[in-house]
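**Student:** One structure is given below, represented as structure tokens, and several questions about it will come after.
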Amino acid sequence: MAKGLDVGTMNIICAEKGKGDSIAFAQQRNAFLEMEAGDLAQNMLDSAKILYTQKGDTISVLGEDAFKFSNVFNKAIRRPMHQGIISPDEKESIPMIKLIIERVLGAPQKEGEIAYISVPAAPVDSKVNVLYHSKTVEALSKRLGYDTQLIDEGLAVVFSELGDFNFTGIGISVGAGMTNITVAYLATPIVSFSIARGGDWIDEQVSSATGVAIERITSIKETDFSFSSDYEIGSVQGAIALYYDALITYIIGNLKKKLSEVAPPDAEFPIAIAGGSSRAKGFMEMFESRISEANLPINISKVKKNKYTLSDSKDPIYSIARGCLIAAMTREDAEAVEEEIEESTAKTQKKAAAV
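Sequential numbering from 1209 applies to the sequence shown in our numbering.
Here's what the structure looks like:
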């Protein structure tokens, strides 16, 4: 057995092998909501098997249920992560992330079970401390008993989506807090970096420009927006389109700059895009249009698109966790082969010694 874990700003997702060739996912929103403790509230939470923790007279509801309760009680949720890493401004960040990871990852089924966890690459436009975040989530997984390995989020996209291309191409994860980009050749990163802009950046900019609450912007972006629609000037959807376009331009501009610093091999590089903020209708087509105009110093063969419905396994929100699982299974297979070779060598030496 092996597992892959995507620790994202908006969602924490675990992937493991299911029946046959299927992959099973466990998912929780990376958020929590505080409410007053009481026997009635606790009995309700326990009977519904809702993930929560209690500290004194305060109950913290975690995960997807935090969003549901926030609507019922009209209270703001709190986020343990900001800009792709553990939030330094949220004192309850680590305890809450620990509980969510324990829920979705679970205990290992055997000693030394391998788990690959996605982490952001070093940002090119921010002094965000990715090392502290990476080592913290690694320690939380190791404490559960896993043989834990870290993998750049962009490389996880390559493992997930570009197996048919010998794991050669460009993996882009457009998440809530950050965007991660990896250019890989035969599963080896040539360029790997992140930028401190993603879905949250779009929401913040649109909210600032229109005066509409961020939570409302997020809801409109996820349920009532499409690149193919013609929106009125001054509308929220029009502002979302504008800042999505600005984000795509920014991603491609930084990719072009980083590629100019290396000498990529003469090969075709398809692009695979994942992450929750790439789910907007028409995002892939818009990105493909912009990338074709960019004149990158690399041969782009195609932008890989997956047909999917929300909640199915091809949804780009699951790509990073799936890529982590594939990396974990690949290492597990390699270790099994090494063990077979060692056993075979030992048997051969034993026979030779007997002779």
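We put the beta carbon where it would ideally sit given N, CA and C, even for glycine.
Is the CB of Arg1487 under 7 Å away from at least one CB in chain C?
**Tutor:** Considering every chain present, this structure includes no chain C. It has just one protein chain.
**Student:** Tell me which same chain residues have a C-beta within less than 6 Å of the C-beta of Phe1240, skipping the five on either side of it?
**Tutor:** Ser1268, Leu1270, Ala1274, Arg1286, Met1304.
**Student:** Could you tell me if Asn1388 is buried or exposed, where buried requires 16 or more neighbouring beta carbons within 10 angstroms of its beta carbon?
**Tutor:** Label assigned to Asn1388: buried.
**Student:** Could you tell me which uninterrupted beta strand (DSSP E) segments, each at least 3 residues in length, are contained entirely in the stretch 1271 to 1302, listed from first to last along the chain?
**Tutor:** Counting whole runs of 3 or more residues, the stretch 1271 to 1302 contains no beta strand (DSSP E) stretch at all.
**Student:** Smallest Cα separation from Thr1396: which of Phe1375, Ile1380, Glu1412, Ser1381?
**Tutor:** The residue with the shortest Cα to Cα distance from Thr1396 is Phe1375.
**Student:** Just tell me which of Ile1422, Lys1512, Ser1552, Gly1246 has its CA closest to the CA of Ala1600.
**Tutor:** Not covered by the structure: residue 1600. The range shown for the chain is 1209 to 1563.
**Student:** Starting from Leu1213, follow the beta strand (DSSP E) in both directions and report where the run begins and ends.
**Tutor:** Start and end: 1210 to 1215.
**Student:** Please list the segments of the beta strand (DSSP E) lying wholly inside the stretch 1408 to 1488, counting only runs of 3 or more residues, in order along the chain.
**Tutor:** The qualifying runs are 1476 to 1482.
**Student:** Using the C-alpha atoms, what's the distance from Phe1491 back to Gln1445?
**Tutor:** Answer to the nearest angstrom: the Cα atoms are 14 Å apart.
**Student:** If we count the other Cβ atoms within 10 Å of its Cβ and call it buried at 16 or more, is Gln1235 buried or exposed?
**Tutor:** Classification for Gln1235: buried.
**Student:** I'd like to confirm something about Asn1507: is its beta-carbon nearer than 6 Å to some heavy atom of the ligand ATP, or not?
**Tutor:** As far as ligands go, the structure on display features none, and thus does not contain the ligand ATP.
**Student:** Compute the distance between the beta-carbons of Thr1418 and Ala1447, then report whether it is under 7 Å.
**Tutor:** Cβ distance < 7 Å, so Thr1418 and Ala1447 count as in contact.
**Student:** What three-state label does DSSP hand Phe1233 in the structure shown?
**Tutor:** Phe1233: strand per DSSP, three-state reduction.
**Student:** Pairs of beta-carbons, one from the stretch 1422 to 1437 and one from the stretch 1340 to 1355, closer than 8 Å: are there three or more?
**Tutor:** These segments do not touch.
**Student:** Expressed to the nearest angstrom, what Euclidean distance is found between the alpha-carbon atoms of Val1361 and Ile1528?
**Tutor:** The question names Val, but residue 1361 in the sequence shown is Glu. The alpha-carbon atoms of Glu1361 and Ile1528 are separated by roughly 7 Å.
**Student:** Does the structure place the stretch 1378 to 1385 close enough to the stretch 1395 to 1415 that three or more beta carbon pairs sit under 8 Å?
**Tutor:** Judged by Cβ distances under 8 Å, the stretch 1395 to 1415 makes contact with the stretch 1378 to 1385, as three or more pairs qualify.
**Student:** I need the boundaries of the alpha helix (DSSP H) containing Ala1347, first residue and last residue.
**Tutor:** Residues 1338 to 1351.
**Student:** Check this for me: beta carbons of Leu1370 and Ala1480, under 7 Å apart or not?
**Tutor:** For Leu1370 and Ala1480, yes; Cβs fall inside 7 Å.
**Student:** Pick from Lys1335, Leu1363, Leu1313: whose alpha carbon is nearest that of Ser1326?
**Tutor:** With distances taken between Cα atoms, Ser1326 lies closest to Leu1363.
**Student:** Look up Tyr1354 in the DSSP assignment and say whether it is helix, strand or coil.
**Tutor:** DSSP places Tyr1354 in coil when its eight states are reduced to three.
**Student:** For Cys1222, which residues does DSSP report across the bridge?
**Tutor:** Beta-bridge pairing links Cys1222 to Leu1213, Ala1234.
**Student:** Return the CA-CA distance between Ala1449 and Ile1294, expressed in angstroms with no decimal places.
**Tutor:** The alpha-carbon atoms of Ala1449 and Ile1294 are separated by roughly 29 Å.
**Student:** So what's Ala1392 in DSSP terms, helix, strand or just coil?
**Tutor:** In the structure shown, Ala1392 sits in a strand (DSSP, three-state: E or B).
**Student:** From Pro1176 to Glu1224, what distance separates their C-alpha atoms?
**Tutor:** Outside the shown range of the chain, which is 1209 to 1563, sits residue 1176, and nothing can be said about it.
**Student:** With a CB to CB cut of under 6 Å and the five nearest residues on each side skipped, what residues in its chain are close to Gln1357?
**Tutor:** Hits under 6 Å: Tyr1324.
**Student:** In this structure, does DSSP put Met1243 in helix, strand or coil?
**Tutor:** DSSP places Met1243 in strand when its eight states are reduced to three.
**Student:** DSSP beta-bridge partners for Lys1512?
**Tutor:** According to DSSP, which records beta bridges pairwise, Lys1512 is partnered with Ala1480.
**Student:** Please report the distance separating the alpha-carbon of Thr1553 from that of Lys1512.
**Tutor:** Straight-line Cα distance between these residues: approximately 44 Å.
**Student:** Which whole-angstrom value describes the C-beta separation of Leu1533 and Gly1228, a residue pair presumed to lie in contact below a C-beta threshold of 8 Å?
**Tutor:** Actually they do not touch by this definition, with Cβ atoms about 15 Å apart.
**Student:** I'd like to know whether the C-beta atoms of Phe1367 and Ala1232 end up nearer to each other than 7 Å.
**Tutor:** Against a cut-off of 7 Å, the Cβ pair of Ala1232 and Phe1367 comes out as no contact.
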